[in-house]
Amino acid sequence: MWNTFILLLHILPNVCGLVLNGVLFVIARYYSPLAIRKYSLLIINFAVCDFLACLSSLAVCQSAKVMKNLANSDLFCFVFRIIPAGKSLFYFSEGFCQYFGARFCYISYSVLLHLYAHSLYSMLLSFYFRYYVLIHRAPSGNVIKLTILFIYIPSFVQMVKIFADFHHNRALKKVSEMNASFSCSTIARFLNSIHLLPQRNTMQYNTS
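Residue numbering for the sequence shown is 46 to 253, as defined by this note's numbering.
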């Protein structure tokens, strides 16, 4: 029951985000008053970015999980889907990406990270735009579109860099060298981050 509740806490906000950002996109695109028509381009940028971020988060679904403490059957513990192990991080994906393989989960998580970064850059642009129009004339729509494209470049480069570092065999070797066994099907790796797709959502550490 707890696992279902925690999973719903992860899924429901993302579903609401998909619906609300879809509505925001339609309103900003087709019903914006003339006075904020140029600023609506920034609103559309936010709506698209957050919509895709919610979709990627649903695909990856790195939520917490309640597990029974084996040492004491009366105690339960929370196991988060991002687990530190020394200098490494283990990512467990429980979203629908697991039905498409490790690479798809890896790509979905990479897309999610780059959308978070772009959202922060877009927020800075939004503040600067409101400051700029207080002093100068509002820029044209094409200038705003080019500016959005320009600030997207760092996030896009980050995403491509992560895409290019999918090393399945190296990740498997790293896990095999650890004193732990994982019930998993596939793994993806970026630097010291290891992405696992759990079978039946289980993980076991060897303590002997």
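Don't be surprised by glycine CBs; every beta carbon is placed ideally from N, CA and C. Treat the numbers as computed from the prediction; the structure is a model and nothing was measured.
query	result
For a quick check, are the C-beta atoms of F201 and H159 less than 8 Å apart?	yes
In chain order, what residues of the same chain lie with their CB nearer than 7 Å to the CB of S155, ignoring the 5 residues before and after it?	M204, I207 and F208
Run the CB neighbour count on L165, radius 10 Å, all protein chains shown included, and call it buried at 16 or more, exposed below.	exposed
Given this structure, state the Cα-to-Cα distance separating S185 from Y75, to the nearest angstrom.	18 Å
Over what stretch of residues does the alpha helix (DSSP H) that includes F91 continue unbroken?	Y84 to V105
Quick check: the Cα distance between L170 and A147, rounded to an integer number of angstroms?	35 Å
Kindly indicate which three-state DSSP category F201 falls into: helix, strand or coil?	helix
CA-CA distance, G140 and R175?	38 Å
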